[in-house]
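2 protein chains.
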Amino acid sequence: MSAPLDASKLVIHKTTTPKEKLPNDKLVFGKTFTDHMLEIEWTAQAGWGTPTISPYHKLSLDPSTVVLHYAFELFEGMKAYRDTDNNIRTFRGDKNMDRMNKSADRIALPTFDGEELMKLIDQFLLVDESFVPQGAGYSLYLRPTMIGTTESLGVGTPDKALLYVIASPVGPYYGTGFKPVSLEATDYAVRAWPGGVGNRKLGANYAPCVRPQLEAAKRGYQQNLWLFGEEGYITEVGTMNAFFVFKNADGTKELATAPLDGTILEGVTRDSILELTRERLPKNEWVVSERKFTIGEVEERAAKGELIEAFGAGTAAVVSPIKSIGWKGKEIEVPLAAGDSGELTAQVAEWIRKIQYGEEQYKNWSRVAQ
Amino acid sequence: MSAPLDASKLVIHKTTTPKEKLPNDKLVFGKTFTDHMLEIEWTAQAGWGTPTISPYHKLSLDPSTVVLHYAFELFEGMKAYRDTDNNIRTFRGDKNMDRMNKSADRIALPTFDGEELMKLIDQFLLVDESFVPQGAGYSLYLRPTMIGTTESLGVGTPDKALLYVIASPVGPYYGTGFKPVSLEATDYAVRAWPGGVGNRKLGANYAPCVRPQLEAAKRGYQQNLWLFGEEGYITEVGTMNAFFVFKNADGTKELATAPLDGTILEGVTRDSILELTRERLPKNEWVVSERKFTIGEVEERAAKGELIEAFGAGTAAVVSPIKSIGWKGKEIEVPLAAGDSGELTAQVAEWIRKIQYGEEQYKNWSRVAQ
């Protein structure tokens, strides 16, 4: 009998030594954490164990644990927001749960009922409620993580795992307003490939990406732009999905992002932007496309004045405006019609912010922890 | 001032509670470990710290540690052998040190002087000398590992790392003699890609490979064979390099393995087999090739009776004979002229065994711990 994940079994041990809270202006992304953490152990034999919220603590791992050798690890990034009624809200957590299960399945780690983990995250948020910062752009970053904990150097299916969630209070990605970034198009390294795992949120996709980012930084760029294939297809920006806005000769406009062909992370922000723009942009003026397009097309259309704006999209920054792309020794300049971003960039950021902070109800996208 | 790795600073704390040793027939690969472990901490600020051999112990890691989220992890596989004079020998450890540094560099972890780590491994082997089993095929498996230990969810260059070595007494991969394996050629998943990290011994390359191995196992195969591209180039076998032996129309023979094009792990056993066969096989009868070849060529030449043998090569098994390959619903049968393997397979296994166990001196390939 392998037990399913069951939120009703939750056990809570509260800390007796609460941490001091940092003021909003001292918050650094992912550096400080709340008083508690949520953990659920899994074994192949017994299934999911008792969910526990207990004081934030170190993990004790045997040096042979498979997570340290074979990258049996995956994670999610989510945020919790404080609304004007002091409710704590999460944004489309069901999408994160679906993706987390797909990630787990891809590397032979256990899957679980996503709604059960969402219920546990709600309880975790209520216990550490006081760490959710107040103020526009402030939130509590949630990091659901799963690691294989089998203690053996044999490469095989882990028979033990730990699912845990930690939380870090964070400020707006850019102090106030946007800070548009310069990108370097990377042509000597690839992030993902067909038949690989680039569409799953696995640890394995991250460490190999740091070196190209360092190389870009050395040459004065803030991020790198991932290309694929001889054609130079645009795939992602650093660790975000990439969106480009083009103007057509007939005056219509196109919002374009790479399709989910197995090499693209299935971003929740990406999906939200596609849905909101498809619903809200006037259909006689706009086309929203998931299609392949190349750095060559971007360069060519920029030269013709048809590149209007570009941005990265992800949980951390929501949207991150792009101001230029270095490519083969040339700079492709991206207009910033709204000052620090393009107009659509600013618009989608605001649409999403309102839903995240509960100022607007949109379908079931915002969930109140209770 | 960033300190280099310095073996002369070694500090040794010996255990007061030595473990009981298992009899040879109870040894399971990577399941039990020696009394001690070797550790060296690194920080960006101070460089490499004091190397320490201390009782085998759990690692205490903050749940935000980057190794658990972004796969900042790499390892090596080496073996130590007891020779007939009771010396403890390692095999071509300098190659492992070179590869470990290349792996570290690729994911922005610190590099080090490989000879210093080899000196430390020698001392570790002398401390745990009694765990090196006696007998042909028995050895002490060494697992040098490096993990990023920065406690932060920001994706960037780790500013802290831990290099550690643990050791597990192991028996022969196959009880006695060879056990030839059946492979399933995998065409729906891809292990590595040009511009990726398939040529580095990173944790990131391993977890994604387990699912295809499980799929192969479900259909009754022992391992999977990794192909690349529409052409179906043969790249690796499970977690080993792949060798094929073909007979030509003129009676000459060819030993072929995939070239180091960035998608192939730079195996130490692979390199040793290439060097020994190039030196020892009669040049008028044999060609040793590093070249691309496809599953189609293997199928075609098997049909013509020109496929003579095939094997995987790696530290764990040294060589692993292949008896058949499932491909598009058909079975490509591989002859086993020497009973459980091909003749060259048995020959190279014996050549390498003699050097590993110190029965034969060959260049500097075997190093006595002292």
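So the sequence lines, in the order shown, correspond to chains A and B. Oh and the first sequence: position 299 is 299 in this note's numbering, straight run, nothing missing. In short: position in the second sequence from 1, add 1000, done, that's this note's numbering. Each residue gets a CB set at the ideal place from its N, CA and C atoms; glycine is no exception.
Per-residue DSSP class, three states only, for S272 (chain A): helix
Candidates B:D1261, B:E1333 and B:T1294, of which the one nearest E1231 (chain B) by Cα: B:T1294
Span of the beta strand (DSSP E), counted from its first residue to its last, around G1314 (chain B): L1307 to G1314
DSSP beta-bridge partners of H36 (chain A): A:P55
Chain B contact residues for V197 (chain A), given Cβ-Cβ distances below 8 Å: P1208
Per DSSP, the bridge partner or partners of S377 (chain A): Beyond the ends of chain A as shown, which are 1 and 370, falls residue 377 (chain A); an answer cannot be given.
The stretch 1132-1145 of chain B: positions lying closer than 9 Å to chain A by Cβ: Y1141, R1143 and T1145
Residue range of the unbroken alpha helix (DSSP H) whose run includes G296 (chain A): I295 to A303
Collapsed DSSP secondary structure at A1161 (chain B) in the structure displayed: strand
Residues that DSSP places opposite L117 (chain A) in a beta bridge: L117 (chain A) pairs with nothing; no bridge assigned.
Alpha-carbon spacing of T50 (chain A) relative to V132 (chain A), whole angstroms: 26 Å
Per DSSP, cross-strand counterpart(s) of N241 (chain A): A:E236 and A:A313
Interface residues of chain B facing R390 (chain A) [CB-CB closer than 9 Å]: Within the shown structure, residues of chain A are numbered from 1 to 370, placing residue 390 (chain A) beyond reach of any answer.
Interface flag, E73 (chain A) vs chain B, CB-CB below 7 Å: yes
Nearest-angstrom Cα separation, counted from F1029 (chain B) out to T1239 (chain B): 15 Å
Partners in chain B for I166 (chain A), counting only beta-carbon separations shorter than 7 Å: P1063 and S1064
Per-residue DSSP class, three states only, for A216 (chain A): helix
Three-state secondary structure assigned by DSSP to I352 (chain A): helix
Exposed unless 16 or more other CB atoms sit within 10 angstroms - verdict on H57 (chain A): exposed
Cβ contact check for the stretch 194-207 of chain A and the stretch 156-174 of chain A: 3 or more pairs under 8 Å: no
Run of the beta strand (DSSP E) containing L1068 (chain B), from where it starts to where it stops: Not the beta strand (DSSP E): L1068 (chain B) falls in the alpha helix (DSSP H), residues V1066 to Y1070.
Any 3 or more C-beta pairs closer than 8 Å across the stretch 89-106 of chain A and the stretch 360-367 of chain A: yes
H13 (chain A) versus P55 (chain A): straight-line alpha-carbon distance, rounded: 7 Å
R270 (chain A) vs N241 (chain A) beta-carbon contact at 7 Å: yes
Boundaries (first-last residue) of the alpha helix (DSSP H) holding S103 (chain A): G93 to R106
Contact check, Y70 (chain A) vs V170 (chain A), beta carbons under 7 Å: no
Test: A403 (chain A) CB closer than 7 Å to a CB of chain B: Since the first residue shown for chain A is 1 and the last is 370, residue 403 (chain A) is missing from the structure and cannot be characterised.
Short CB-CB distance (under 7 Å) between T1150 (chain B) and chain A: no
Terminal residues of the beta strand (DSSP E) in which P1321 (chain B) lies: V1318 to W1327
D1062 (chain B) to V1334 (chain B) span [Cα, whole Å]: 50 Å
Interface flag, S1002 (chain B) vs chain A, CB-CB below 7 Å: no
Within-7 Å CB hit, S1060 (chain B) to chain A: yes
Assigned exposure category for Y206 (chain A) - 16 Cβ within 10 Å defines buried: buried
Cross-strand partners of P144 (chain A) (DSSP beta bridge): A:V165
CB contact check: K1031 (chain B) to chain A, cutoff 7 Å: yes
Three-state secondary structure (DSSP) of S1008 (chain B): helix
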